[in-house]
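Numbering (our numbering), first residue to last: 16 to 240.
Structure follows, in structure tokens:
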């Protein structure tokens with residue numbers, strides 16, 4: 016995790032600017048994630064795990080301006096960007112830490128994550144999905160917008176090749192592209208169907224992959240007790 020934190024510290028200033036060029040489906044990926052984040056209150060408590068610069072929380076805040084947010088991330092520098100982004104928003108808390116190990120004490124209407132959980136090993140992912148379930152209120156929603164591993168070696172190669180073709184034609188400087196290739200060496204993507212099964216086993220209802228574009232997927236589940 017220290018290596019991952021170091022990598023994200025280094026790109027914190029450029030992170031948001033790079034996202035649109037590293038994510039071919041940026042608008043749909045975040046747009047769908049926000050559109051399915053429908054809870055039954057105008058003042059939800061929202062936990063953003065692996066929050067980084069607060070990009071996902073920013074979109075959610077547009078939908079729920081009266082919400083209270085908790086952002087947790089390993090990278091202090093990334094959260095500094097988030098603090099600046101939300102400097103006029105009083106209902107935002109920040110936690111510097113590893114969300115897979117952190118002892119949360121509150122319950123939330125929504126637990127959401129974008130492009131972070133794929134850094135965990137399979138057993139850590141499943142454990143965190145269990146933790147997310149336990150943190151949700153009745154009818155709470157879990158959303159994981161993340162990278163997934165291809166269903167077969169052929170599909171995995173297709174996904175990665177297509178992504179590399181896109182970013183190499185995106186206008187990103189070569190050094191930023193090469194740094195991106197270095198970062199993905201730390202990825203531990205899991206197959207989508209495997210993760211969907213985990214969510215169902217844990218007890219989530221209405222589990223679905225709401226959106227998928229090559230290796231970018233938005234997973235969804237609700238807690239109905």
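Note that the Cβ used here is the ideal one computed from N, Cα and C, for glycine as well.
What's the C-alpha gap between residue i and residue j?
i	j	result
residue 112	residue 118	10 Å
residue 179	residue 187	12 Å
residue 238	residue 174	32 Å
residue 211	residue 103	37 Å
residue 132	residue 200	15 Å
residue 59	residue 193	40 Å
residue 82	residue 57	7 Å
residue 221	residue 191	39 Å
residue 53	residue 207	23 Å
residue 63	residue 219	18 Å
residue 45	residue 88	19 Å
residue 99	residue 39	26 Å
residue 97	residue 134	20 Å
residue 183	residue 90	27 Å
residue 138	residue 197	24 Å
residue 143	residue 86	16 Å
residue 189	residue 154	46 Å
Taking a contact to mean a Cβ-Cβ separation below 7 Å, would you say residue i touches residue j in this structure?
i	j	result
residue 110	residue 84	no
residue 156	residue 130	no
residue 76	residue 159	no
residue 226	residue 47	yes
residue 230	residue 163	yes
residue 95	residue 203	no
residue 65	residue 147	no
How close, in whole Å, do the beta carbons of residue i and residue j come, if the pair is a contact with beta carbons under 8 Å?
i	j	result
residue 140	residue 205	6 Å
residue 228	residue 43	7 Å
From this set, the options, which residue's C-alpha is nearest residue i's C-alpha?
i	options	result
residue 74	136, 165, 50	50
residue 92	69, 80, 134	69
residue 216	197, 236, 66, 177	236
residue 214	169, 88, 198, 149	149
residue 167	138, 209, 86, 101	209
residue 177	32, 116, 37	37
residue 78	223, 151, 55	55
residue 122	86, 152, 171	152
residue 35	232, 181, 240	181
residue 33	223, 232, 195	195
Uninterrupted beta strand (DSSP E) stretches inside the region 124 to 150 (no shorter than 3 residues)
As far as the region 124 to 150 is concerned, it has no whole beta strand (DSSP E) run of at least 3 residues.
Counting only runs that start and end within the region 61 to 121, where is the beta strand (DSSP E) found for 3 or more residues in a row?
As summarised for the region 61 to 121, the continuous beta strand (DSSP E) elements at least 3 residues long and confined to that stretch are 83 to 88, 107 to 111, given in chain order.
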